[in-house]
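Below: one structure, written as structure tokens.
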Amino acid sequence: MLPTLNFSSDIFLVEKLSHRLGRVVPGDVVLVRSPENPMKTITKRVLGVEGDTVEFLADPSRSDLSTSLVVPKGHVWIQGDNIYSSNDS
821 MLPTLNFSSD
831 IFLVEKLSHR
841 LGRVVPGDVV
851 LVRSPENPMK
861 TITKRVLGVE
871 GDTVEFLADP
881 SRSDLSTSLV
891 VPKGHVWIQG
901 DNIYSSNDS
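Numbering of the sequence shown is given in the numbering used here, commencing with residue 821 and proceeding in unit increments.
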């Protein structure tokens with residue numbers, strides 16, 4: 821999530837209630853369990869919700885290799901703010 825969040829100096833307040841009161845929307849920053857290590861919590865930004873078409877770089881080192889998909893029902897598309905230094909959706 822760099823440069824948005826600096827984990828060495830920023831202070832984070834996390835509340836766990838609003839997702840029960842409403843839906844996440846594009847732009848929200850969320851904490852989720854890592855798919856690679858379920859014991860680890862990761863921070864990502866919501867870029868799309870079900871039904872949205874999202875476009876992303878298939879290979880961040882080559883800006884000409886983009887693709888798009890429709891976010892399936894019951895899912896959201898999340899990714900880090902720094903596409904060159906993030907393992908994402």
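Glycine included, every Cβ here is placed at the ideal spot set by N, Cα and C.
Keep in mind the model is a prediction, meaning the values are calculated, not measured.
Rounded straight-line distance, which links the Cα of residue j to that of residue i
i      : j      : result
Val891 : Asn902 : 21 Å
Leu889 : Asp872 : 8 Å
Gly842 : Thr887 : 30 Å
Glu870 : Val896 : 6 Å
Per DSSP, cross-strand counterpart(s) of residue i
i      : result
Val866 : Ile898
Thr824 : Looking at the DSSP assignment, Thr824 forms no beta bridge with any residue, so it has no partner.
Arg774 : Outside the displayed range of the chain (821 to 909) lies residue 774, so it cannot be described from this structure.
Val890 : Thr873
Supposed contact pair residue j and residue i - C-beta distance, whole angstroms, cut 8 Å
i      : j      : result
Val866 : Val845 : 7 Å
Gly831 : Lys864 : Checking the sequence shown, residue 831 turns out to be Ile, not Gly. With 8 Å as the limit, Ile831 and Lys864 do not qualify as a contact, their Cβ atoms being about 19 Å apart.
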